[in-house]
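Presented below is the structure to which this report refers.
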Amino acid sequence: MEIDLAQLRDMHPRLPVDVALSIVGRAALALERNGHASGVRLSLYAERIATNALLFWPPADMGNIDRHDRNRITEDGAEAVALAAAHRHRAWRVIRRMQREEHADWLLEDMGERGRRVVALEVSGVDRGSIGTRLSDKLAQVTKSVDVDQRWAGVVGFEKPAVALHRTKRGKRGE
Amino acid sequence: MRFIGRNEGSVESDTLNTLVTAAIWRAEQLEALGLPSSSAWAEVSSFEENLANALPVTEREGRIARRGAVHAALKAGDYGRAETLARGYAGEDSAPRSIKSALRQILEEDARAMANRFPYASKRHSPREARDLARHFREAGPFGLAA
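Structure (structure tokens):
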């Protein structure tokens, strides 16, 4: 499987151009500052099933990395990788960004056999170290999201490129 | 108020979803940089209100937009707008109990947060009085010369 961040807007047509450019640019910075080159192997853990993908991205402008906040590179870069992985894995598309009070970053649609279902996705990034603990935190957060069919958390690690997408079975019911 | 159907209005709601996404992104980036973000949140509230006008309260995305319009108005510092929107949405004929309760809770939580920020003032004024005073001083300007 290949995931090309340059195709992010083809995967998510409702994503504004400036947002897509910003998060893809920061993903490139987060990956390259960890010494990775486009075409790196990405470990994908989706609902406890591990697969590998090759991750591609447009070249980063490392000369300007000091103009970006370090944490924003990690967090915004994670949004690009998680959204691309969610599309490749589940064919989900972005509906809209959510405000933080909704306990999720993105509302996505899943056009499955059972019709249109909406998914809340909370995303986070880890520059160094394991993604396991962060995933638990984010699952606890997205559990509080209401008015959605499914609640998922996505955590992206940049040291050893990895993305975990996990669904929480618990959650509040919408009407 | 005219609601649009899923197919009929999908282009309109798609456009509004893209606009609200871009607006939320801008407001979040300003906040992350520690820059003033009130006007950016006011813009978010406006797009959320447009989405709420396009999507009925019986649809989940319509309820998300209604809560979003109120939340963003509060983050813009416009309590009057938040209260007016919340009252209007709670009064919609087909509004489920869950959204009425959620809207009431949003305003109550904001009032509690304000009381915690200003404990001395909160002993003497209700949150509404404090906001009315703040709005008066903001509108009157530094020398109280405006009407």
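Just so you know, the protein sequences line up as chains A and B, in that order.
Numbers 1358 to 1532, taken from the working numbering, label the letters of the first sequence in order.
Numbers 1024 to 1170, taken from the working numbering, label the letters of the second sequence in order.
Ideal Cβ positions, reconstructed from N, Cα and C, are used throughout, including at glycine.
Note that this is a predicted model, so its numbers are computed, not measured.
With contact defined as three or more Cβ pairs closer than 8 Å, the segment 1401-1414 of chain A and the segment 1510-1527 of chain A are in contact. Beta-bridge pairing by DSSP links H1523/A to A1510/A.
Linking V1397/A to A1065/B through their CA atoms gives a straight-line distance of about 41 Å.
Secondary structure note for A1092/B: its alpha helix (DSSP H) is the uninterrupted segment R1083 to K1098. A direct Cα-Cα distance of roughly 24 Å separates D1037/B from V1499/A. Residues of chain B whose Cβ lies closer than 9 Å to the Cβ of V1499/A do not exist; the shortest such Cβ separation is about 14 Å.
For Q1456/A, the neighbours in chain B by C-beta distance under 7 Å run, in chain order, I1047, G1091, H1094 and A1095. The beta-carbon distance between L1464/A and R1453/A, rounded to whole angstroms, is 5 Å. This is short enough to meet the 8 Å contact definition.
One thing to note: H1425/A has its Cβ within 8 Å of the Cβ of L1386/A. D1037/B reaches chain A at P1370, R1371 and I1452, counting residues in chain order whose Cβ is nearer than 9 Å.
Per DSSP, the unbroken alpha helix (DSSP H) holding V1376/A starts and ends at V1374 to E1389. If you look at G1114/B, you'll find it isn't in any beta strand (DSSP E); DSSP assigns it neither H nor E.
When secondary structure is reduced to three states using DSSP, D1418/A falls in the coil class, being assigned neither helix nor strand. At a C-beta separation below 7 Å, N1040/B has these neighbours in chain A: R1371, I1452 and R1453. Our two residues, A1439/A and M1358/A, have alpha carbons roughly 15 Å apart in a direct line. Remark: C-beta atoms of R1083/B and I1122/B do not approach each other more closely than 8 Å. One thing to note: H1460/A has its Cβ within 8 Å of the Cβ of S1502/A.
Take the alpha-carbon of H1523/A and the one of A1510/A: they are about 5 Å apart.
Close partners of V1043/B in chain A (Cβ separation under 8 Å): R1453 and R1454.
Per DSSP, M1455/A lies in no beta strand (DSSP E) segment and is marked neither H nor E.
For V1475/A, the C-beta contacts it makes with chain B under 8 Å involve R1083 and E1084, in order along the chain. Around the beta carbon of K1098/B, 16 or more other beta carbons sit within 10 angstroms, so the residue counts as buried. Around the beta carbon of T1044/B, 16 or more other beta carbons sit within 10 angstroms, so the residue counts as buried.
Non-local C-beta neighbours of W1449/A in its own chain, meaning closer than 7 Å and more than five positions away in sequence, comprise A1443, L1465, E1466, D1467 and V1476, ordered along the chain. Distance from A1394/A to L1362/A at the Cβ level is roughly 13 Å; contact not present, criterion being Cβ atoms closer than 8 Å. In the structure shown, G1469/A adopts extended strand secondary structure according to DSSP, grouped into three states.
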